[in-house]
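Sequence lines, in order, name chains X and C.
First residue of the first sequence? That's 1 in the UniProt record's numbering, and the numbers climb one at a time after it.
First residue of the second sequence? That's 1 in the UniProt record's numbering, and the numbers climb one at a time after it.
Positions of the beta carbon are idealized from the N, C-alpha and C atoms, including for glycine.
2 protein chains.
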Amino acid sequence: MNDTRPIRAKSGTNHEGTSAHNRRVMIDALRVNGALSRADLARATRLTKQTVSNIIDELESDGLVTSQQTVRNGRGQPSTPYALVPEGAFAIGLQIDRHMTRAIAVDLVGNVLVRLEAKLPSGGPTTGIRVILDLIAAVRRRLAAIATQSEQRLVGLGAAMPGPFGLAGNGDDPWMMEAWQKFPLLETLAVGTGLDVSIQNDAAAATIAERMVGAAHGLDHAVCLYIGYGIGAGLILGGELYTGANGNAGEIGMALLAVGGKSTPLEHRASLASLYQYLSLDPADPILYAKIHDLVSTGDRRIVEWVETAASDLRWSVHLIETVFDPQTVILCGSAPRILVDRLIAAMGPLLPSLAERPDRTVPRLQVGMADPWSVALGAAAGPISLEFDPRYAAILKD
Amino acid sequence: MNDTRPIRAKSGTNHEGTSAHNRRVMIDALRVNGALSRADLARATRLTKQTVSNIIDELESDGLVTSQQTVRNGRGQPSTPYALVPEGAFAIGLQIDRHMTRAIAVDLVGNVLVRLEAKLPSGGPTTGIRVILDLIAAVRRRLAAIATQSEQRLVGLGAAMPGPFGLAGNGDDPWMMEAWQKFPLLETLAVGTGLDVSIQNDAAAATIAERMVGAAHGLDHAVCLYIGYGIGAGLILGGELYTGANGNAGEIGMALLAVGGKSTPLEHRASLASLYQYLSLDPADPILYAKIHDLVSTGDRRIVEWVETAASDLRWSVHLIETVFDPQTVILCGSAPRILVDRLIAAMGPLLPSLAERPDRTVPRLQVGMADPWSVALGAAAGPISLEFDPRYAAILKD
DNA sequence: GTAATTAAGTCAAGACAATTGACTTAATAA
DNA sequence: TTATTAAGTCAATTGTCTTGACTTAATTAC
């Protein structure tokens with residue numbers, strides 16, 4: 001009788017959902033196309049001129065868009081283009097890495113306004129969280145000095161750290177990432193900063209960055225292959241970041257390179273971790289990237305060898321991604337030194353034949369994305385901006 | 001000046017989008033949970049009782065739902081559950097296979113009402129299309145004999161055929177699937193039947209079937225591994241079928257089993273085509289499935305060998321799918337004889353360790369789905385029903 | 001047995017956001 | 001100079017969900 005199985009249903013929607021969506025669509029259109037007139041927006045979004053006018057008025061008075069100089073387009077009244085106001089919103093991004101933490105402040109269009117980093121003390125979250133909260137506070141102070149309204153217009157804090165989440169650890173983890181993954185980071189950061197907090201893995205964060213200001217800008221189907229300490233893929237599927245049932249979609253580091261007995265995870269051959277091991281480098285070395293840069297540019301034999309195997313594995317990965325996701329493009333990015341990523345890309349050509357070789361292709365199959373130690377922190381910061389302003393299915397629904 | 005680059009923007013929405021979405025949400029809730037009262041629906045969808053009442057009244061007068069016997073739930077007025085009316089809508093499904101074509105009629109809840117098949121003559125689309133149109137007409141006549149309102153309530157025709165689409169052929173194709181893939185099937189069927197037509201690959205169709213009436217019912221993140229003449233995956237991501245930028249997402253038959261020189265596509269080892277080749281069977285043999293059934297049940301040595309290698313490759317595939325998509329579950333289905341799928345499943349255990357091994361898991365990592373020569377046709381028919389009635393982002397947007 | 005409580009469901013008015021169609025403004029083309 | 005075209009606004013309308021009070025019908029408590 002009193003059978004209390006939960007009822008599963010999608011959420012309904014109402015006027016507010018409609019309105020919220022249309023606002024987001026306007027902002028997205030301005031982000032992707034640059035400045036547009038009200039009439040352009042009406043045509044592009046299929047809303048009426050009047051509706052667009054009302055929404056733009058509202059966005060303007062909210063300080064999110066401004067009008068630019070009118071332009072004459074031939075016959076008819078000149079149009080007034082509107083563009084996003086960079087200072088319309090800000091977000092903080094936080095990267096927690098094995099021995100470092102980085103924090104960044106960005107504005108609505110993805111300009112980086114502040115960047116600070118700190119060493120993470122050994123000992124994991126219990127001691128590290130203090131360093132992180134201090135770092136965030138410092139970024140906020142510097143941001144406030146640059147942009148007066150920053151605190152009122154701060155939409156959130158995005159954190160990024162290596163995944164996968166929710167997995168029992170294997171113990172071989174000198175930097176206690178496992179401890180970090182178990183730590184109630186979201187709650188602690190929310191309480192410690194008073195901001196809305198979201199967490200993602202580093203590949204997903206890098207992907208969000210590529211979509212906001214990088215090679216995936218304006219694309220609805222793109223996969224970023226992110227090479228960091230590990231390797232992961234960030235998935236833009238149908239215009240939204242896809243994170244899977246448990247937030248671990250795209251964690252291809254564990255993908256096995258061969259069927260059968262002695263198969264190796266991709267991560268063991270194509271990741272910075274594998275490079276460090278191959279070269280016997282200390283990952284905590286503060287001038288590690290400079291060293292790698294030198295080794296690459298002097299044509300060090302071991303680097304060349306590593307690039308060869310890694311490129312072969314990456315070629316396979318790109319083929320797999322194309323086969324499985326059918327994206328518009330694959331973007332290779334990473335926190336690796338730029339020169340290394342460039343070498344990898346060069347060594348990866350020619351790509352394996354795949355069904356991505358289409359006659360109607362407009363974007364290259366493989367593109368270089370950001371290769372910068374700050375790209376994950378940037379993507380982490382872009383997360384809250386995207387959550388707040390990008391059109392998404394979930395944003396239309398109630399609650 | 002007259003710089004006519006197209007403006008890219010997402011579509012806006014309005015009241016009708018809201019209303020359409022809420023209708024779909026109701027239908028979905030009834031499909032997933034069975035009968036629900038107006039009050040239940042209001043709680044589950046987060047809409048008000050009044051809104052739900054209005055929508056249910058409308059759905060009832062449209063003949064899509066009916067009230068059932070009132071039930072006493074303890075204190076308070078007894079509730080009146082509503083359920084979907086099977087005869088509320090119908091759809092036709094068409095499978096075009098290498099040497100066969102099958103057509104099916106289903107109702108709103110996925111009951112199969114009519115099924116007919118025909119041999120496809122050699123000669124490809126030019127001669128085959130006549131057979132297909134006749135088959136569809138025959139299915140419609142039989143359906144009309146069973147269900148008076150069927151023609152008025154026919155929401156569309158879903159077609160399924162082997163992918164991938166938009167690829168240059170390789171010539172080794174005795175059944176002219178390549179010719180079929182180039183043929184303007186959608187337009188021809190639309191003109192020939194007067195129905196709304198949609199086309200999908202067979203794995204996607206099988207997946208839609210699993211979601212409507214099979215193992216993926218009510219799941220929002222599931223991947224179906226479909227073993228037919230080839231092998232493919234159908235992707236339910238975030239509650240919707242994901243088809244990629246060009247409709248080829250999930251075509252994992254081309255995935256390479258090993259990195260480096262002599263790598264084999266998955267399709268060459270785990271597909272019925274590979275089985276036929278291994279056993280020197282004729283794929284066009286009309287009693288092929290019976291033969292396979294006998295061979296399996298008598299424990300034929302070559303079948304056992306094939307199952308062993310295929311299971312090993314499928315074990316790898318499941319691991320890959322779990323790694324890449326992070327789904328709630330993986331479903332093994334196919335047009336292969338049931339007994340063979342069961343043997344494969346048995347031989348696949350134990351699965352490789354992966355991040356799908358979670359303590360909070362409620363569904364098995366791997367499940368058996370439909371294994372039936374009709375599952376693709378069923379899924380093809382379920383396609384139009386899903387397009388018309390399932391909640392989707394695109395259904396909210398204008399145009 | 002009566003009254004209180006709880007829950008389902010309806011009624012009618014209200015609120016919100018997009019739409020409609022006529023109008024104004026300001027440019028180019030004839 | 002006039003006609004045409006296009007951007008953008010004004011005011012009224014429409015469609016859909018929400019609100020709050022009300023009705024109905026069951027169980028529980030006294």
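If you check each beta-carbon in the region 120-142 of chain X against every beta-carbon of chain C, none falls closer than 9 Å. The region 4-11 of chain C makes no contact with the region 117-124 of chain X; the number of CB pairs closer than 8 Å stays below 3. Taking the Cβ atoms as the reference, V324(X) lies roughly 6 Å from I252(C), within the contact range of under 8 Å. Contact note: Q68(X) does not reach chain C at a C-beta cutoff of 7 Å; the least C-beta distance is about 16 Å.
The beta-carbon of M348(C) is placed no less than 7 Å from the nearest beta-carbon of chain X. Note that the region 64-77 of chain X does not touch the region 16-35 of chain C; fewer than 3 beta-carbon pairs, one per stretch, sit closer than 8 Å.
Taking V363(X) as the centre and dropping the five residues before and after it, the same chain places the C-beta of L219, Q328 and T329 closer than 8 Å to its C-beta, in chain order.
Per the DSSP secondary-structure output, L256(X) pairs in a beta bridge with P265(X).
Per DSSP, the unbroken beta strand (DSSP E) holding T66(C) starts and ends at V65 to S67. In the DSSP secondary-structure assignment, E117(C) is bridged to R102(C). Counting C-beta pairs closer than 8 Å gives three or more between the region 333-349 of chain C and the region 290-302 of chain C, which meets the contact rule. Proximity of chain C to M254(X) at the Cβ level (cut-off 7 Å) is accounted for by T323, S354 and L355, in chain order.
Membership of V368(C) in the beta strand (DSSP E) is indicated by the continuous run L366 to A371. For I227(C), the enclosing beta strand (DSSP E) begins and ends at A222 to I227.
Of all residues in the region 290-316 of chain C, those with a C-beta nearer than 7 Å to a C-beta of chain X are S312, D313 and W316, reading in chain order. The beta carbon of E58(C) is closer than 8 Å to those of R23 in its chain, skipping five residues each way along the sequence. Around the beta carbon of P359(C), a 10 Å sphere encloses fewer than 16 other beta carbons of the protein chains shown; the residue is thus reported as exposed. Between the beta-carbon of A284(C) and that of Q95(C) there is about 16 Å, and that puts the pair past the 8 Å contact cut.
A distance below 8 Å between beta-carbons, with the five flanking residues on each side excluded, links L352(C) to the following residues of its chain, in chain order: R315, W316, V318 and H319. Distance check between E308(X) and each of G349(X), R392(X), D282(X) and A147(X) places G349(X) closest, using alpha-carbon atoms only. Counting C-beta pairs closer than 8 Å gives fewer than three between the region 38-45 of chain C and the region 68-88 of chain X, which falls short of the contact rule. Three or more beta-carbon pairs separated by less than 8 Å link the region 149-166 of chain X to the region 81-94 of chain X, which places the two stretches in contact. Scanning its chain for C-beta atoms nearer than 6 Å, with the 5 sequence neighbours on each side dropped, one finds around E240(X) the residues R392, in chain order.
At a cut-off of 7 Å between beta carbons, S11(X) contacts chain C. Around the beta carbon of N248(C), 16 or more other beta carbons lie within 10 angstroms, which makes this residue buried.
Taking the C-beta atoms as reference points, A245(C) is found nearer than 7 Å to H221(X). Per DSSP, the unbroken beta strand (DSSP E) holding N201(C) starts and ends at V197 to N201. For P81(X), the enclosing beta strand (DSSP E) begins and ends at P81 to L84.
Using a Cβ-Cβ cut-off of 7 Å, I7(C) counts as an interface residue toward chain X, since at least one Cβ of chain X sits closer than that to its own. Here the region 80-91 of chain X does not lie against the region 364-373 of chain X, with fewer than 3 beta-carbon pairs under 8 Å apart. Against chain X, a Cβ distance below 7 Å from N14(C) picks out T18.
Around the beta-carbon of V304(X), fewer than 16 other beta-carbon atoms lie within 10 Å, marking it exposed.
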